[in-house]
Amino acid sequence: MSTAERVVCMRPMGKIAACEIAFVPVKTCGDTGHISQVVELIKKSGLEYRVGPMSTFVRGERDKIFALLEEIYATMEAKCDFVISARISNICGCRSEVM
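For reference, each letter of the sequence shown is one residue, going 161 to 259 in this note's numbering.
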């Protein structure tokens, strides 16, 4: 990576994580309401996020990311059956093309 490609993180690197979250309601008939509820939880988390067509990318303190995953699970458990796929990295994704 050249010097021009580097972007400096302004956070302590050891505590930052990146996570891709895909929430998939099952046994539903195309209703996106549950997904919208999960996106609202992500927005309220205070983490950096980017919503994509198949998943949402979040970045921030690792403890907040794990707390968010627990909150999503606890909140949505009573509302629908679902699958959550989460890929977590301890590399913060500070390169500008990630976010």
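Here a beta-carbon is modelled for each residue, glycine too, at the ideal position from N, C-alpha and C.
Quantities reported herein were computed from a predicted structural model and do not represent experimental measurements.
{"query": "Contact under 7 Å by Cβ, A246 with I181", "result": "yes"}
{"query": "Y233 burial status per 10 Å Cβ neighbour count (16 or more: buried)", "result": "exposed"}
{"query": "Proximity to V199 [Cα-Cα], best of I251, G190, R222, M214", "result": "M214"}
{"query": "Nearest candidate by alpha-carbon position, reference V260, set A178, I176, G193, A177", "result": "Past the edges of the chain, shown from 161 to 259, lies residue 260, and the structure says nothing about it."}
{"query": "Continuous beta strand (DSSP E) assignments of at least 3 residues falling wholly in the segment 185–226", "result": "208–211, 216–221"}
{"query": "Cβ shell of S249 (< 8 Å), same chain only, five flanking positions each side left out", "result": "A177, A178, C179"}
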